[in-house]
Amino acid sequence: MTSPSREPRKGLDRAVWRWLWAAALLLCTLLLAAKIVPQSPWRGAIDTRITAMLPEQERSPLAARAESLDDTANRLVILVGSRDASAAARKQRDAAAQALRQALAPIARLDDGKSLESLRLPAEVQPALIAPSLAGLSDDDWQARALRQLIQPGGQRDLIRDPFGLAGAWQSWLTPANLSLSGGQLLLRTPASAGSASNEQDSDEQNSEEGGSGYRLISATLTGSAYAMSDQQALEQAVNGVTADYPDIRLLRSGLVFHASNGAQQAKQEMSTIGLGSLFGVLLLLWAVFRTPRRLPLLLVPVATGVLFALPLTWWAFGSLHVLTLAFGASLIGISIDYVLHLECMRRLATHGRGGLAALWPGLTLGLCSSLAAYLAITLTPMPGLRQMGMFAALGLIGAWLSVRLWLPQLPLPAQATRVDSPAARAAGCLARAIPGKRSWQALGLLLVAALASLYGLRSDDRLTQLNPSPASLINEQREVQRLLAEPDGLRYLIVQAETDAALLTRLHALEGTFQQLNARQQLGHWASLAQQLPTLEQQQANLGAMRERTRTLLPQVLSTAGLPPELVTRAEQAIADAHPLRPADWVALPAGEMGQRLWLDSRSAAIGIVRFGDVTAHGSAALARLAADDDSLEYVDQVARLSTTLGRIRSEMAWLVGGAVVLISLLLALRYRRSTWRALLPPLGGLVLTLSALTLAGVGLNLFHLLGLLLVLGIGLDAGIFCAEHPARSADKGNPTRSANEKAEQGKAQTSASRASQASLLAISLSCASSLLAFGLLSFSQTPALAALGLACLLGLSATWCLVPFARS
Amino acid sequence: MTSRLAIAATALLLTAGAPWASASETSASETSAPKSSAARFDTRALTQQLARTAPVCGDFQQTRWLEDVGAELESRGHFRLIGDPNAPAGLVWETTSPIEDRLEMRPDASEGPNGEPLPADQQAMAELLISFFHGDWQALEEHFSLTLTGTPDDWQASLTPNDARLAEAIERLEIDGGSWLEHVNLDSGDGDRLELALTAGGHCER
């Protein structure tokens, strides 16, 4: 029933701007399509790696390469254990493992499905590689070994090129001592103590009867994507099918896919509880106040256009988009619902749909500018992730503001919406009655002082473990698997540089002693190094010499004892004459050398090895860092610490920048509001202080996600404060509302409309706080720690802000 | 995270004759029907018969043909089942000539003379042998196509690997016997052969 005024419009009210904005959005849609449509040449990626959020200079180039080798997102290991050591339980376990292998076969590539011949070492390098278990053998022992190899069933068969059976021993040495093959499947025995893998001497006691309580090992590579929902589901179904058929077995799962799948399920579940709950709550609230259900979708148009505007521009500006940008950026754009609410309340309560919105625009524009200042401040950080998020949120707010400014006033309001006794008007009247008295002011003063004082104890907590969304049981399973397999987790590693291959291997072998010491002190659980796979080149040369000698001196006796023709010695000598050492570069290029690929960096100018660690304690990590600090050829990388440090840096830089922005905003506001500036600043800053104080008193360390939540509180609080300053409560509101109705007649029309505008803005502020509380505050019940932190900050901050509004407008 | 494991897994299966290597993709092969024999003599019957009559120990004579060097290698000695003959825990393989050597083969872990574990390929062979002695033919049928001919007193079985990878190592396996297993002939893909002749020691028969 709005009658758009017939007089010629000026400024932004002209139709041409509306069409321009529509055209801009159309262009954005096209840009977005170019990024999303699979056939598009400009197709963009969505990044999910948390490391992609970090600035480049945080990692050395070598570390970046070392980490790119560790791309194991699709790897998975499942251990199948029996309930007890009884034969029946073991049989169950084996059958379950077999069933699981069959269930996995369509969706994953099992590791033991490779060709056999491709994995043998070339015969010409085998003589250089003598397993340490053979090191102490006497000549008689070597002869006996050669003979045994000949007569034992299944013994080594290449009499010419490996008469002493080096291959079998070497292979045993490379295989973890607690891993063996039986009944066609891999059996992993639980080691008595977690020590260095690949050493065969201590396996004696484990080989006895207790072997029953071991695990069947299934390791595989997922053929699909660990992040794809369908592949995750296929895997879950395969695993669940087996556990349903064999309820008595015990499964230990390890691999990113299980965590990703768990996270996705958790997100899905929370989406349907928290997400739907808050959406339903917001809609119910808006319906209760406005009673115009058909207009509800309109309220979301600005948010939607904001995202539509920001998404393609950010995507094109940055090349790829990070998933966190999307998640948090979209939440920040959610602030723009404020603009809609203010407009809607103003039109319904103050102007009764008859234009006259001029009084609204300054506040709305100022609200936009202040939020923009806060978000643009984040784009000054060197963190690409935050820059992206800041730009996304800023553009989104601009887009939403434009939609509110240009489009929404043109839409007609239904007649009953503007009635004086509409539910909205009554709600506004009700809210306006809350006027703080003197006591309340005193209490508030005390509270704020106490809160400020308590901030002295504010501390931060940037530990990554705090943010791990996986349930403890899954984390423990993963840890147990890594412990049993002595598998490094890849998060801590040492880069070792040397001039030549030979020097590198020597250095790596020298370092083994240090690691063993750390292991003995229980500061280091296990590690992987090329030194565990290759002897030094000097040792290899020595081995070659020794094996040539043995072939010449010991083999004739072996052949004669076995009754074989003596001229075979000549052939064996010819074969070993061509033998040569195995260099790291050649080793990792072999199919069997796949295990070395993560431990070696190809480089023209130097030889570079990587030692990867698992189960490192804080002391161990410090010792390794000290080791590397004194030595230019070593670089120790602790990805966990590095990420924590980076998150901490992001957090503190963001805090400073936002603090600076707040000062700037305060100056800006002071220009307009002069002595009333405190009205604009009380809700946002008071909200921040009270939240920080509550977190401090509760003993919660501040992390990045709390801060992101506070950024949201700041945005909403600023909007609230600005409207408090724009439309403070008049004396007319302070008394009895019935009297105020009488007074309306007496007082001038201008004051009446000002009072109505004040009520309208109060209603809008309250709705904005309440809906944001529903939307973000409920996240504090999330199981995902990052979201819960954000939610908690919003819950506390928005509640505090709302409570401060009556003070700010009185 | 686990490429080392991948290799360990494959390395273990990289064996001269890992009969179980194909475990991942086995489809139970259909039992070859016995040839025209009046009494139904199949693998189940053979398993039962061997369980009844198989000795707990005996002598063996082994002949290895090494294709590469064109020579034959002979050895002999004793063997003995460990534990319950119907569900043996393992097999002791004791060579007396040309050298003395003792192997304890177990399904989970075998041991050489000094208690050291066996390389994977020997372990696989050990399991195959235990499986023969024990007579667990149904397990064997998962990995081999089995043709059984003859009568309970004089039977022959021929085993061909189902799986290409297994066939890399074992081209063909032939065994025969009467009241118990008498001969095992194993042809490798590379031309090597292993022949075992087993005789019951008098003191061992049940």
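So the sequence lines, in the order shown, correspond to chains A and B. Read in order, the letters of the first sequence correspond to residues 558 to 1367 in this note's numbering. Read in order, the letters of the second sequence correspond to residues 10 to 215 in this note's numbering. Quick reminder that beta carbons are idealized off the backbone N, C-alpha and C, glycines included. Here the structure is a predicted model, which means the values were calculated and not measured.
{"Asked": "Check whether the stretch 674 to 688 of chain A and the stretch 1124 to 1137 of chain A touch, using three or more Cβ-Cβ pairs below 8 angstroms as the test.", "Found": "yes"}
{"Asked": "Are the C-beta of B/P97 and some C-beta of chain A separated by less than 8 angstroms?", "Found": "no"}
{"Asked": "For a cutoff of 8 angstroms on Cβ pairs, would you count A/P710 as touching chain B?", "Found": "yes"}
{"Asked": "With 8 angstroms set as the bound, which would you pick, yes or no: does the beta-carbon of B/E83 sit closer than that to a beta-carbon of chain A?", "Found": "yes"}
{"Asked": "Can you name, in chain order, every residue of its own chain whose Cβ lies under 6 angstroms from the Cβ of A/L1247, other than the five neighbours on each side?", "Found": "A1008 and A1357"}
{"Asked": "I'd like the list of long-range same chain contacts for A/V814, defined as Cβ closer than 8 angstroms, with 5 residues on each side in sequence excluded.", "Found": "A630, N631, L633, L779, A783, D788, Q789 and L792"}
{"Asked": "Does the Cβ of A/L1352 have 16 or more other Cβ atoms within 10 Å, making it buried, or fewer, making it exposed?", "Found": "buried"}
{"Asked": "Under 8 angstroms between the Cβ atoms of A/A660 and A/G798?", "Found": "yes"}
{"Asked": "Checking 8 angstroms against the spacing of the C-beta atoms, do A/L1245 and A/L1267 come in under that value?", "Found": "yes"}
{"Asked": "Could you check if A/T830 is buried or exposed, using at least 16 other CB atoms within 10 Å of its CB as the buried criterion?", "Found": "exposed"}
{"Asked": "Could you confirm whether any beta carbon from chain B is found closer than 8 angstroms to the beta carbon of A/S1027?", "Found": "no"}
{"Asked": "Hey, how far is the Cα of A/H1263 from the Cα of A/H899?", "Found": "27 angstroms"}
{"Asked": "Let me know if A/Q709 comes out buried or exposed under the rule of 16 or more other beta-carbons within 10 Å of its beta-carbon.", "Found": "buried"}
{"Asked": "Determine the closest residue to A/G712 out of B/G210, B/F50, B/T52 and B/D201, with distance taken between C-alpha atoms.", "Found": "B/D201"}
{"Asked": "Please work out which residues of its chain come closer than 7 angstroms, Cβ to Cβ, to A/V1145, disregarding the five sequence neighbours upstream and downstream, and give them in chain order.", "Found": "G1153, Q1154 and W1157"}
{"Asked": "A/F837: buried (16+ other C-beta within 10 angstroms of its C-beta) or exposed?", "Found": "exposed"}
{"Asked": "Taking the alpha-carbon positions, what's the B/A135 to A/Q1131 distance?", "Found": "33 angstroms"}
{"Asked": "Checking contacts by CB at 8 angstroms: is A/R705 closer than that to chain B?", "Found": "yes"}
{"Asked": "Counting only runs that start and end within the stretch 1233 to 1268 of chain A, where is the beta strand (DSSP E) found for 3 or more residues in a row?", "Found": "none"}
{"Asked": "So is B/S33 in contact with chain A if we call contact Cβ pairs under 8 angstroms?", "Found": "Its pLDDT being 31, under 50, B/S33 is placed unreliably by the model, and the measurement read from it follows with that caveat. For B/S33, the answer is yes, since a Cβ of chain A falls inside 8 angstroms of its Cβ."}
{"Asked": "Roughly how many angstroms lie between the CA atoms of A/P1026 and A/T1341, to the nearest whole one?", "Found": "5 angstroms"}
{"Asked": "Would you report the Cα separation of A/G876 and A/G942, rounded to the nearest angstrom?", "Found": "12 angstroms"}
{"Asked": "So which residues of chain A does B/T104 contact, with C-beta pairs closer than 7 angstroms?", "Found": "I708"}
{"Asked": "Should A/A701 be flagged as near chain B, meaning a C-beta pair shorter than 8 angstroms?", "Found": "yes"}
{"Asked": "Using the three-state DSSP reduction, which class does A/Q1131 fall into: helix, strand or coil?", "Found": "helix"}
{"Asked": "Cβ of B/P107 less than 8 angstroms from any chain D Cβ?", "Found": "Of the chains in the structure shown, none is chain D; the protein chains are A and B."}
{"Asked": "According to DSSP, which residues form a beta bridge with B/W5?", "Found": "The first residue shown for chain B is 10 and the last is 215, placing residue 5 of chain B beyond what the model contains."}
{"Asked": "Going along chain A, which residues have a C-beta under 9 angstroms from B/V78?", "Found": "L716, I717, L1121, P1122, L1125 and R1128"}
{"Asked": "For the stretch 56 to 72 of chain B, which residues have a beta carbon sitting closer than 8 angstroms to at least one beta carbon of chain A?", "Found": "Q71"}
{"Asked": "Taking only beta-carbon positions, decide if B/D110 is within less than 8 angstroms of chain A.", "Found": "yes"}
{"Asked": "Taking the Cβ atom as the reference point for each residue, do B/A206 and B/Q70 lie within a distance shorter than 8 angstroms?", "Found": "yes"}
{"Asked": "Leaving out five residues on either side along the sequence, give the residues of the same chain with a beta carbon under 7 angstroms from the beta carbon of A/V858.", "Found": "S960"}
{"Asked": "Is A/P663 buried or exposed, if buried means 16 or more other CB atoms sit within 10 Å of its CB?", "Found": "exposed"}
{"Asked": "Looking at A/A785 and A/Q1316, is the spacing between their C-beta atoms short of 8 angstroms?", "Found": "no"}
{"Asked": "Taking 8 angstroms as the threshold (C-beta atoms), are B/G210 and B/G86 in contact?", "Found": "no"}
{"Asked": "B/L168 CB to nearest chain A CB: under 8 angstroms?", "Found": "no"}
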